[in-house]
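Down below is the structure, laid out as structure tokens.
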Amino acid sequence: DRNLPRITGQIWDLLKQQNTPPVLFRHVGKVARVEVDDHQQPGIVQLDKIQFRHVVARAARWFRRTKDGEQVDAAPPMDVIEDALAIPQIPLPVLTGVVEAPVFAKKGEIQIDPGYHKGSELFYVPPDGLSVAPVPGKPTAAEIKAAKILLLEDLLGDFPFTGEAELAHAVALLLLPFVRNMIEGPTPLHLIEKPSPG
Numbered sequence: 153d154r155n156l157p158r159i160t161g162q163i164w165d166l167l168k169q170q171n172t173p174p175v176l177f178r179h180v181g182k183v184a185r186v187e188v189d190d191h192q193q194p195g196i197v198q199l200d201k202i203q204f205r206h207v208v209a210r211a212a213r214w215f216r217r218t219k220d221g222e223q224v225d226a227a228p229p230m231d232v233i234e235d236a237l238a239i240p241q242i243p244l245p246v247l248t249g250v251v252e253a254p255v256f257a258k259k260g261e262i263q264i265d266p267g268y269h270k271g272s273e274l275f276y277v278p279p280d281g282l283s284v285a286p287v288p289g290k291p292t293a294a295e296i297k298a299a300k301i302l303l304l305e306d307l308l309g310d311f312p313f314t315g316e317a318e319l320a321h322a323v324a325l326l327l328l329p330f331v332r333n334m335i336e337g338p339t340p341l342h343l344i345e346k347p348s349p350g
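Numbering (the numbering used here), first residue to last: 153 to 350.
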């Protein structure tokens, strides 16, 4: 079958079927995956034609027929690979970033399980040894008190803020990366003043 649109459709149907849990994504309109670099830092890598061909070659058995009608193994043709990559809306989950700490999705659910989270469009790769306990939907008064102690005393307690406003900005600055997806539109800058040089 040399019908290019039909073959391309079959490739994407197969890749969508095999992409559970998701390992292939759409990132800025391109096919991408999460890879760990030589320094063990995770990041998003957009696949070029060769890398995508590597994926497609393993997603299905490719073959051609000889003049005698015999079926022999073959590589995915590059015109098929190029056509599959050229579609305007790649039918894969959207990936906007990689995080190494739990964050909240738009609707308020926290992502503590490693991997892709559709609600945040983020891929969570925790560092080795990091374990996060389940977070209650409604924390108790004791849990709220412990969180306030952690933020206001353990983390920020010895910093000489000039007033309550500076402390509030520092707390907001600490929390923003974790709740950013819950906020529509831009977020304010954070100004923290100190009473003396150094």
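Where is the CB? At the ideal position from N, CA and C, for every residue including glycine.
Since the structure is predicted, the reported quantities are computational estimates derived from the model, not experimental observations.
{"Query": "Assumed close pair GLN198, LYS219 - CB separation to whole angstroms, cut-off 8 Å", "Result": "Not a contact, Cβ separation roughly 39 Å."}
{"Query": "Distance between ARG332 and LEU302 (C-alpha atoms, nearest Å)", "Result": "21 Å"}
{"Query": "Exposure of GLN263, with buried meaning 16 or more beta-carbon neighbours within 10 Å", "Result": "buried"}
{"Query": "Rounded straight-line distance, which links the Cα of LEU341 to that of PRO309", "Result": "Note that residue 309 is Gly in the sequence shown, not Pro. If you take the alpha carbons of GLY309 and LEU341, they lie about 22 Å apart."}
{"Query": "Nearest-angstrom Cβ-Cβ length linking LEU363 and ALA211, presumed shorter than 8 Å", "Result": "What is shown of the chain runs 153 to 350, which leaves residue 363 out entirely."}
{"Query": "Endpoints, alpha helix (DSSP H) assigned at GLN169", "Result": "156-170"}
{"Query": "CB contact flag (PRO173, GLY267, <8 Å)", "Result": "yes"}
{"Query": "Classification of GLU318 by the beta-carbon crowding that lies within 10 angstroms, buried from 16 upward", "Result": "buried"}
{"Query": "Contact check, VAL232 vs ILE159, beta carbons under 8 Å", "Result": "yes"}
{"Query": "Counted within 10 angstroms of its Cβ, other Cβ atoms place PRO279 as buried (16 or more) or exposed", "Result": "exposed"}
{"Query": "Rounded straight-line distance, which links the Cα of ILE196 to that of LEU237", "Result": "17 Å"}
{"Query": "Endpoints, the alpha helix (DSSP H) within which PHE313 is located", "Result": "That residue, PHE313, is in no alpha helix (DSSP H); it is neither H nor E in DSSP."}
{"Query": "Inter-residue Cα distance where the pair is LYS258 and PRO291", "Result": "20 Å"}
{"Query": "CB contact flag (VAL284, VAL250, <8 Å)", "Result": "no"}
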